[in-house]
Amino acid sequence: MTSRCRLQVLWTLYLIVYNAFCLRLTELKIEEHTLVGNSTRLECKYDLQGEKLYTVKWYKDGNEFYRFLPGESPEVQVFDVTGVHVDEKQSTAESVVLRPLELASSGKYRCEVSAEAPSFQTVTNHSSMLTVAPPDEGPRISGGQDRYKPGDTVNVNCTSGRSKPAVQLAWYINGEQVNSSYLRGPYTDYVGREGLMVTTLGLKFEAGMQHFRLPGSGGHLQHRNRLDRDMKLKCVATLGTVYWKSKEQSALAHRPRPVPGLPLPAADDGLVGGDEQDADSRADPVHASSNSPSMNIAQSLNINEIAVYVSASLFIVLLR
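Using mature numbering (1 follows the signal peptide of the UniProt record, and there is no 0), the letters of the sequence shown map in sequence onto residues -22 to -1, 1 to 298.
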């Protein structure tokens, strides 16, 4: 075996041994979304592989805020970083508790673990966290009417409460998300010193028969009040995985005012597609059989002939 081959074999063996016994991170857990005022636990788990732990450090956006030094007094050291408030009593070598959270707590968090001499191996990993201020109230719907008929313009707005970042709004008609061509916006306004945001998403479309439905299910259409069709408009507000609220508004199909002396129409302004007829609503005409005796007489004699026939018969009877 040449010297070059020996070096390659030794290097391969070194890499195998190094990777088999080196320090490594096994798990990093950082919540993607957190709420202002709440707490969160940052977890950094590792396998020393026979090494001795030297230090565990935590950073936010590149700034160290927590250090764990086993065997030192004190073992825990905390450094001032904007938006970071460490609960030292609840923090350990593998986790750090932050409370209370604020908007400035958002950022990239990194865990760094180092082994002691002689290896001084260091491993690191990071993840981002977004701390949000959710709205204090659910979304509001404005501009709607109690009744619509086909051809009417539906023009409504959905407005969120104050939040940071802005909430995501979505419109649904009868449980189905609307076509994007129906939407107007979203529009965002900033309020307050903290820069909280209010979002508005408009919904505008021409009402058609397809936008109305019969409430509930079951039964045949001809046995139900066809004036009871309605349209349900729902706005859903979400903020990451920590906030979900909705608001729904119903509008009935327009019912025409009854005119004294006239019956109320069975269908309302064409909301029910297609004409409906009850079975047996019209009887087929009955035709007499052409083989009937009375029919034969009626066909062979006209009125004058019948009159002559009757008169002659009476005259013969009188002569007798």
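Beta carbons: idealized from backbone N, C-alpha and C, even for Gly.
Just so it is clear, the structure is predicted and the values come from calculations on it, not from any experiment.
Please list the terminal residues of the continuous beta strand (DSSP E) segment that includes residue i.
i, result
"LYS210", "208 to 217"
"MET107", "100 to 110"
"TYR44", "41 to 46"
"GLU90", "85 to 93"
"VAL56", "54 to 56"
"ASP167", "161 to 169"
"LEU76", "73 to 76"
"CYS136", "131 to 137"
"LEU1", "Premise fails: LEU1 is in no beta strand (DSSP E) and is neither H nor E."
"MET175", "174 to 184"
"ARG118", "118 to 120"
"LEU13", "11 to 13"
Among all the DSSP beta bridges, which residues are the ones paired with residue i?
i, result
"GLN155", "TYR150"
"TYR126", "ALA231"
"LYS225", "CYS213"
"VAL34", "PHE46 and VAL91"
"SER141", "MET175"
"VAL64", "LEU76"
Identify which residue in the options has its Cα closest to the Cα of residue i.
i, options, result
"TYR44", "GLY28, LEU31, HIS63 and GLU29", "HIS63"
"GLY122", "SER105, VAL54 and THR131", "THR131"
"PRO112", "LEU81, VAL134 and GLN99", "LEU81"
"GLU21", "LEU76, SER84 and GLY186", "LEU76"
"SER224", "SER17, TYR126 and GLY116", "GLY116"
"GLY139", "LYS30, SER69 and MET175", "MET175"
"ALA95", "ILE8, GLN227 and TYR32", "TYR32"
"PHE183", "VAL214, TYR168 and ARG162", "ARG162"
"GLY85", "GLY40, PRO52 and PHE98", "GLY40"
"GLU53", "SER69, VAL59 and SER83", "SER69"
"ARG191", "SER228, ARG88 and TYR87", "SER228"
"ASP206", "THR219, LEU230 and MET187", "LEU230"
"PRO143", "ASN152, ARG118, THR102 and ALA215", "ALA215"
"GLN188", "SER51, GLY61, LYS127 and LYS7", "LYS127"
"ASP124", "GLY49, LYS23, LYS210 and HIS11", "LYS210"
DSSP three-state label for residue i, please.
i, result
"GLU29", "coil"
"HIS189", "helix"
"GLU21", "strand"
"LEU79", "coil"
"GLU115", "coil"
"GLU50", "coil"
"GLY252", "Only weak support exists for where GLY252 lies, its pLDDT of 30 falling under 50; the value from the coordinates is given anyway. Coil at GLY252, not helix or strand."
"THR(-21)", "coil"
Using a Cβ-Cβ cut-off of 6 Å (strictly less than) and excluding sequence neighbours within five positions of residue i, which residues of its own chain qualify?
i, result
"VAL34", "PHE46, ALA71 and VAL91"
"ASP25", "ARG2 and THR4"
"ARG19", "SER73 and VAL75"
"THR100", "SER92"
"ASP181", "Going by the sequence as given, residue 181 is Leu instead of Asp. Closer than 6 Å at Cβ, skipping near neighbours: VAL134, TRP149 and TYR160."
"ASN16", "LEU79"
"VAL156", "TRP149"
"TYR165", "THR178"
"TYR37", "ARG88"
Going by beta carbon distance, what residues of the same chain come within less than 8 Å of residue i, once the five residues before and after it are set aside?
i, result
"THR(-21)", "none"
"ASP58", "PHE43"
"ASP114", "GLY139 and ARG140"
Give a single yes or no on whether residue i has its beta carbon closer than 7 Å to a heavy atom of the ligand FAD.
i, result
"LEU192", "Although the ligand FAD was asked about, the structure shown includes no ligands whatsoever."
Got a sec? Which residues, its chain only, sit under 7 Å from residue i by beta carbon, not counting five neighbours each side?
i, result
"VAL56", "PHE43, TYR44, VAL64 and GLU66"
"TRP(-12)", "Any reading at TRP(-12) must be qualified, since the residue scores a pLDDT of 44, below 50, and its modelled position is unreliable; the value itself is stated next. Contacts found: none."
Using 8 Å as the limit for Cβ to Cβ distance, is residue i near chain C?
i, result
"ASN103", "Here chain C cannot be found, since the structure has a single protein chain."
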